[in-house]
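> Mind looking over this structure? Questions follow.
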Amino acid sequence: MSRTLSREALETVAVAAPADAVFGLITDVRRWPQLFRSLVHTRIGPGDGGATDVVHCWGVRGPDAVRAWTARRWIDAEALTVDFDNEPPPPGVRAQHGRWTVEPSGPGSCRVTLSHAFDCGDDVPGHLADRTAAEFARHSAGQLAELKQAAERGVELDQLIIGWEDTLFVSGDAADAWVVLWEAGRWPERIPHVSRLALSEPEPGVQFFDMDTATPDGRAHTTRSVRIGFPHDLIVYKQITLPPMLEAHTGHWRFEQTPEGVLLGARHTVTLKKSALDMLGPGTTVPAARRYARKVLGTNSMKNLQIAKAYAEERAGD
Numbered sequence: 001m002s003r004t005l006s007r008e009a010l011e012t013v014a015v016a017a018p019a020d021a022v023f024g025l026i027t028d029v030r031r032w033p034q035l036f037r038s039l040v041h042t043r044i045g046p047g048d049g050g051a052t053d054v055v056h057c058w059g060v061r062g063p064d065a066v067r068a069w070t071a072r073r074w075i076d077a078e079a080l081t082v083d084f085d086n087e088p089p090p091p092g093v094r095a096q097h098g099r100w101t102v103e104p105s106g107p108g109s110c111r112v113t114l115s116h117a118f119d120c121g122d123d124v125p126g127h128l129a130d131r132t133a134a135e136f137a138r139h140s141a142g143q144l145a146e147l148k149q150a151a152e153r154g155v156e157l158d159q160l161i162i163g164w165e166d167t168l169f170v171s172g173d174a175a176d177a178w179v180v181l182w183e184a185g186r187w188p189e190r191i192p193h194v195s196r197l198a199l200s201e202p203e204p205g206v207q208f209f210d211m212d213t214a215t216p217d218g219r220a221h222t223t224r225s226v227r228i229g230f231p232h233d234l235i236v237y238k239q240i241t242l243p244p245m246l247e248a249h250t251g252h253w254r255f256e257q258t259p260e261g262v263l264l265g266a267r268h269t270v271t272l273k274k275s276a277l278d279m280l281g282p283g284t285t286v287p288a289a290r291r292y293a294r295k296v297l298g299t300n301s302m303k304n305l306q307i308a309k310a311y312a313e314e315r316a317g318d
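Residues 1 to 318 in the UniProt record's numbering are what the sequence shown spells out, letter by letter.
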């Protein structure tokens, strides 16, 4: 991990939460898409070269682009530090090394520092390197603010997050079920609760779309989503324009081929917006809102699975 890099960007934030809880949020990257606005999907793999693990990340960059990168991490739970190298580094950067540091400042508080050391290359003018340092600082400050918010909400946030996966067996092929759930541009003609969908595919395997839908109780809303496809195994998604009741919504469509057919899975993880619960009626409680979200989203996604099942089984002749 030894690095001699010429530039550094460093941001620090005070967090009113225990250091070990904050460190847990930093290390548990599986939760990051739900907590960090720009992250869409993460996958954890085994470490190499002495690294603790390797994290594959996909994040939104701008209105209609996705950047993919790999982070090799060295986690020191005793020192409360996480060192990481991102490959490839961000555009305009030749090499980069980062570190999260958590320092206890009291029984229920800590300070978190996110630093980046980097090189832009000898041929890069100083003003462009300064601009890159400012961008690192801006991005780090945003991440720290989101981390602080999640950590300080603690148990309340945990109560507002609900996640589940509905499954359905299909006597057919995963590739055929995939077609229905990946070809989102055809959803208005295939899926009754989708009335409009405007789709763009800026690169193979990446979709952005704006969609008008209706819930089983007649509520209509417009959302914008980003999706990343891994044929014919997984489609992950994140809503980036949300309905009024939600702070975050991530999930996936899963395709598990078996000798007998394919097991389809529809995963949702949603964060309820506490200030909007009264949209369901005055005095609506968090448990009641959780039940509502589970029922409404599960009903619609199960309809999608049923449509994919019918198509795949028709193609299989069953």
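Cβ coordinates follow ideal geometry from the N, Cα and C atoms, glycine included.
So who's on the other strand from G317, going by DSSP bridges?
BP columns for G317 are empty, so no partner.
> Does DSSP classify T52 as helix, strand or coil?
In this structure, T52 counts as coil in the three-state DSSP scheme.
> Which residue from L246, P259, E313 puts its Cα closest to that of R294?
L246
> Below 9 Å between beta carbons: does that hold for D53 and I75?
yes
> Do L35 and A248 have their C-beta atoms closer together than 9 Å?
Yes, these two residues count as a Cβ contact at 9 Å.
> Give me the DSSP bridge partner(s) of H268.
W164, G251
> In angstroms, rounded to a whole number, what distance separates the CA positions of H221 and R186?
19 Å
> If I measure Cβ to Cβ from P243 and keep anything under 7 Å in the same chain, skipping five residues before and after, which residues do I get?
H221, T223
> Whose CA, out of P107, H56, I44, lies closest to the CA of V15?
P107
> How big is the Cα-Cα spacing for L199 and A77?
44 Å
> Nearest-angstrom Cα distance between S2 and T70?
A caution first: S2 carries a pLDDT of 47, below 50, which makes its placement in the model too unreliable to give a value.
> Exposed or buried, which one is E8 when buried takes at least 16 other CB atoms within 10 Å?
Under this definition E8 is an exposed residue.
> Note down, in chain order, each residue of its chain lying with its Cβ closer than 6 Å to the Cβ of T241, except the 5 sequence neighbours on either side.
T223, R224
> Give me the Cα-Cα distance between L272 and P192, rounded to the nearest whole angstrom.
Taking the straight line from one Cα to the other gives about 25 Å.
> By the DSSP assignment, the beta strand (DSSP E) with E103 in it spans what residues?
95–106
> In whole angstroms, what separates the C-alpha of T12 from that of T27?
Their Cα atoms are separated by approximately 17 Å.
> Label R73 either buried or exposed according to how many other C-beta atoms from any shown protein chain fall within 10 Å of its C-beta, with 16 as the threshold for buried.
buried
> Measure the alpha-carbon distance for V66 versus V60 and round it to whole angstroms.
5 Å
> I'd like to know whether the C-beta atoms of D173 and A79 end up nearer to each other than 9 Å.
no
> Report the rounded CA-to-CA distance for R291 versus R94, giving the unit in angstroms.
49 Å
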